[in-house]
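Reading through the structure tokens given below for one structure.
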Ligand code: HEM
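Residue numbers (this note's numbering): 275 to 640.
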């Protein structure tokens, strides 16, 4: 063994619980308390876990795919994300991504943009509307178009995806009958040759829908809210920066995790085989060592240099988000529908579930 032991925020000292109750109830407060103790801290989440958020740690975790494995990570706890490329590890991951990447490349998606524009324009609200609810509908519409050319029954898609946005344990509960029904419909659409689904294995469609839903929906809701609050950034030139700043302060994937494949010593700290290793875009993006005035919403900061491995709303390295270009297209097209928004009322504070979500409704006027 050897190496200094890691500091830990407060957790239950007895029994198997450790930090689990706080992790389930208030993970952001727990993460922030841990971050105040140092750039690497420990948690007891049933298993021993280490959390880091320095750029050097982010690079290690996202680059050394032999040591830091995805199978058995926190994503595997939910049936929605436990499969396909998400749980494939080195050496199989690289060829699998190389086969998928061209289908999700910005150039490949360009042909979809006009139809996405039409589909979102058709559901564009007039007057006052609640941005979180509309953004969820827009994300579903986008995914339905991408994977199935819009042929998937919308009510079934909504039912399938709904638990992802509900509080724990809803996203973790197995729903074998619902999954069976959805798989059957996906298979039929694949056989008839619809959309990207026809060119993908079934499991990639299932995990892609799940990985792309609440992430895109919540980002869009926050971006609409901030476009209403800061109309000076709601311009064709300003929107890309507004989006980047939205994803800095509110990265839906507020933590990502891996399983440690063999004993590791990191900056003098011993990390045993089998531990969970976590990185946190939320902590990295809000730390004053990497960002000046980190809690201020200021899209202009993206006119300057972004710290290497210090900005990772889509992760990084070989496992960088497969749907990043598609998500950006949905966000760009959806925001473009609202040249002038007015904020009415809302609570944009981040509230964690499976991903980070706005704590309350966000009412804006188109
Ligand atoms: C704003 C929207 C989105 C955000 C913020 C986001 C964020 C992320 C992050 C942080 C990761 C890396 C996880 C890790 O390495 O620990 C990731 C991976 C992934 N994302 Fe996204 N995502 C978004 C939209 C999408 C969409 C629309 C899709 C599908 C169409 C998608 C599919 C995936 C897949 C399949 C992976 C796993 C890639 C791999 O392990 O090789 N995501 N995403």
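Think of the CB as a built atom: it goes at the ideal place given N, C-alpha and C, for glycine as much as any other residue. Since this is a predicted model, take the numbers as computed values, not measurements.
CA nearest to the CA of residue i, picked from the options
| i | options | result |
| --- | --- | --- |
| residue 457 | 354, 280 and 605 | 354 |
| residue 530 | 399, 472, 621 and 360 | 360 |
| residue 504 | 473, 602, 532 and 571 | 571 |
| residue 429 | 420, 423 and 415 | 415 |
| residue 474 | 444, 485, 502 and 377 | 377 |
| residue 643 | 548, 294 and 629 | With the chain covering only 275 through 640, there is no way to say anything about residue 643. |
| residue 488 | 630, 593 and 516 | 630 |
| residue 533 | 497, 514 and 341 | 341 |
| residue 600 | 443, 301, 390 and 363 | 390 |
| residue 350 | 633, 501 and 628 | 628 |
| residue 618 | 490, 443 and 636 | 636 |
| residue 304 | 587, 557, 590 and 608 | 557 |
| residue 322 | 312, 497, 307 and 291 | 291 |
| residue 335 | 593, 625, 626 and 633 | 593 |
| residue 508 | 369, 373, 574 and 419 | 574 |
| residue 272 | 609, 364 and 325 | Residue 272 is absent from the structure shown; the chain starts at 275 and stops at 640. |
| residue 640 | 502, 634, 343 and 463 | 502 |
| residue 261 | 527, 442 and 410 | Outside the shown range of the chain (275 to 640) lies residue 261, about which nothing can therefore be said. |
| residue 443 | 537, 299, 480 and 541 | 299 |
| residue 595 | 302, 311 and 380 | 380 |
| residue 312 | 324, 318 and 320 | 324 |
| residue 398 | 496, 608, 450 and 302 | 608 |
| residue 408 | 568, 369, 490 and 374 | 490 |
| residue 576 | 634, 383, 448 and 514 | 514 |
| residue 337 | 309, 368 and 310 | 368 |
| residue 441 | 537, 352 and 554 | 352 |
| residue 462 | 425, 478, 439 and 449 | 425 |
| residue 373 | 411, 478 and 512 | 478 |
| residue 537 | 413, 333, 343 and 318 | 343 |
N-terminal and C-terminal residue of the beta strand (DSSP E) that residue i is part of
| i | result |
| --- | --- |
| residue 607 | Segment 598–610 is the alpha helix (DSSP H) holding residue 607; no beta strand (DSSP E) there. |
| residue 625 | 624–626 |
| residue 637 | 636–639 |
| residue 318 | 314–319 |
| residue 631 | 630–632 |
Element boundaries [alpha helix (DSSP H), containing residue i]
| i | result |
| --- | --- |
| residue 384 | Looking at the DSSP string, residue 384 is not in any alpha helix (DSSP H), and its letter there is neither H nor E. |
| residue 462 | 450–465 |
| residue 619 | Note, residue 619: premise wrong, no alpha helix (DSSP H); beta strand (DSSP E) at 616–620. |
| residue 301 | 301–309 |
| residue 371 | 367–378 |
| residue 443 | It is not in any alpha helix (DSSP H) - residue 443 carries neither H nor E in the DSSP assignment. |
| residue 412 | 405–422 |
| residue 432 | 428–435 |
Assumed close pair residue i, residue j - CB separation to whole angstroms, cut-off 8 Å
| i | j | result |
| --- | --- | --- |
| residue 437 | residue 445 | 5 Å |
| residue 544 | residue 471 | Not quite, the Cβ-Cβ distance comes to about 45 Å (not below 8 Å), so this is no contact. |
| residue 348 | residue 550 | 7 Å |
| residue 483 | residue 435 | 7 Å |
| residue 492 | residue 632 | 7 Å |
| residue 498 | residue 405 | 4 Å |
| residue 339 | residue 315 | With a Cβ gap of about 23 Å, residue 339 and residue 315 do not count as contacting. |
| residue 307 | residue 287 | Not confirmed; about 16 Å, so no contact. |
| residue 597 | residue 486 | 5 Å |
| residue 476 | residue 459 | Residue 476 to residue 459, Cβ: 11 Å. No contact. |
| residue 586 | residue 555 | 5 Å |
Minimum Cβ-Cβ distance from residue i to chain D less than 8 Å
| i | result |
| --- | --- |
| residue 377 | Annotation note: the requested chain D is absent from the structure, which comprises a single protein chain. |
The region 553–562 contacting the region 449–463, beta-carbon criterion three pairs below 8 Å: no
What runs of the beta strand (DSSP E), each 3 residues or longer, lie entirely inside the region 321–351? 321–326
Is the region 612–625 close to the region 357–373, with three or more CB pairs under 8 Å? Cβ pair count under 8 Å is below three, so no.
What are the complete alpha helix (DSSP H) segments, minimum 4 residues, inside the region 531–595? Listed in chain order, the complete alpha helix (DSSP H) runs (minimum 4 residues) inside the region 531–595 are 555–559.
Quick check: the region 510–523 against the region 291–299, are at least 3 beta-carbon pairs closer than 8 Å? no
Is the region 328–341 close to the region 577–595, with three or more CB pairs under 8 Å? Flag = yes, the region 328–341 and the region 577–595 touch.
Whole runs of the alpha helix (DSSP H) within the region 492–526, excluding any shorter than 4 residues: 513–523
At least three beta-carbon pairs within less than 8 Å, the region 601–609 to the region 378–394: yes
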